[in-house]
Every structure is written in structure tokens, then in C-alpha cells.
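Set out below in C-alpha cells:
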């Protein structure tokens, strides 16, 4: 059931609240004042790039620039250029409102296509476990308490619908859209 046909947005509200609360906890810019700023997003991108450098796999200048532009673009879409990031409740209400709009899934796919290209560091058209580890596990899952590599691999396996060991754009898009738009508990609900 999609959120467009459901009157109960409590599960979606819970997920959006967790996203707002936990996404930026590791940032020294996080003031715990309930805001979500472009500085948080810039810190996140720089921390992700640093993960690659620390692993001895530095990103090219072009890939760094593409990653920064993509994540700032995502921030602007998710927060209406920061207007809806002023506090937690505004962010949640905006998320519920846009998730329930007819025609939003193609918009999400457009945004996710840019994000996917930023994650696909080697440009082969799929996300490998290593790319997932550096671009998703460290910055996204660790702040949520996922420290165990086995648990992170289980998250990767949930998204890997065809079980071929890599993630296609459709697999990532479908799991992400399900996460942010479905109101029922699903297998991707707690990624």
C-alpha cells in the first residue's frame, strides 16, 4: 500500500523523524538545535570523500565535484532550499506532504539517478559492496547504530533484489522510494 492511499502516516513520520534526528549526529556542526543546514550536508559529503581517501582509494576531482553537487541538490529538494529544515516537525510534515503527492515517484527517481551516479565511483553502472560500504555504511548507517559489517551486508542483501552481488539503479531506486514513501512496515523499512 502506498502512502497515497493510506490515511495513517505515523510509520512514515517515524522514519522521517529518525532520519532528521540521526543523519547528522557525527557532524561537529550538529548543534542539536533541531536544524538541518547546508553546512551539515557539506560536512557529510566531505566525510564521505575522506572515507575513500583513508581507504587508499581517493576520488577524482570530477567525482568529488559531482558528489558535492548531487548531495546539495538532494538537500535542496528534500528541504525546499532549506525552508523546511528549520525544525524537525516542518521537515517531517514536508516529507509526508511530498511523499503523498501524485507523480512524486518519477521525481524521486530523477533525484536518485544523480545520487546513484555519485555512489558509483568506478562508473560501471552498478554499486559494489565496497562502494556501498564507503558511501552508505559509514556515513548513513553508522550514525544509526549499524556498526557490524554483517548487519550492513544484510542491508545490502535486502536491496540486492536479484542477488547478483551488485546493486543496479532500479534496485537502489525501488528500495529508497519504498523506504521514503511506503506507510506500512516492509523489508526496507529499517534500512
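In my numbering, the protein residues as written are 295 to 485.
We put the beta carbon where it would ideally sit given N, CA and C, even for glycine.
Task: Assumed close pair residue 373, residue 385 - CB separation to whole angstroms, cut-off 8 Å - done: For the purposes of this step, residue 373 is taken as residue 79 along the chain shown, with counting starting at 1. For the purposes of this step, residue 385 is taken as residue 91 along the chain shown, with counting starting at 1. Contact between residue 373 and residue 385 holds, with the beta-carbon distance rounding to 7 Å and staying under 8 Å.
- [ ] Could you tell me how far apart the beta carbons of residue 429 and residue 342 are, in whole angstroms, since I believe they sit closer than 8 Å?
- [x] As a first step, residue 429 must be located in the chain shown, where it is residue number 135. As a first step, residue 342 must be located in the chain shown, where it is residue number 48. Taking 8 Å as the upper bound for CB-CB distance, residue 429 and residue 342 are in contact here, some 6 Å apart.
TODO: Could you pull out every residue in the same chain whose Cβ sits closer than 7 Å to the Cβ of residue 356, ignoring the five residues on either side in sequence?
DONE: Translated into positions along the chain shown, residue 356 becomes position 62. Taking residue 356 as the centre and dropping the five residues before and after it, the same chain places no C-beta closer than 7 Å to its C-beta.
Open item on the list: My output table needs one value for residue 353: the three-state DSSP class, helix, strand or coil.
Closed with: Locating residue 353 in the chain shown gives position 59, counting from the first residue. Residue 353 falls in the coil class under three-state DSSP.
- [ ] Would you mind sorting residue 456 into buried or exposed? The rule is 16 or more other CB atoms within 10 Å of its CB.
- [x] As a working mapping, residue 456 is identified with position 162 in the chain shown. By the 10 Å Cβ count, residue 456 comes out exposed.
Task: Simplified DSSP state of residue 261, which is helix, strand or coil - done: Missing from the structure shown is residue 261; the chain here goes from 295 to 485 and no further.
Open item on the list: Less than 9 Å between the beta carbons of residue 413 and residue 453, yes or no?
Closed with: Walking along the chain shown from the start, residue 413 turns up at place 119. Walking along the chain shown from the start, residue 453 turns up at place 159. Taking a C-beta distance under 9 Å as the contact criterion, residue 413 and residue 453 do not qualify as a contact pair.
Open item on the list: With the cut-off set at 9 Å, would you say residue 421 and residue 410 are in Cβ contact?
Closed with: One-based indexing of the chain shown puts residue 421 at position 127. One-based indexing of the chain shown puts residue 410 at position 116. Yes, the pair counts as a contact, with Cβ atoms nearer than the cut-off.
Open item on the list: Rounding to the nearest angstrom, what Cα-Cα distance links residue 346 and residue 423 in this structure?
Closed with: One-based indexing of the chain shown puts residue 346 at position 52. One-based indexing of the chain shown puts residue 423 at position 129. Using only the alpha carbons, I get a separation of about 14 Å.
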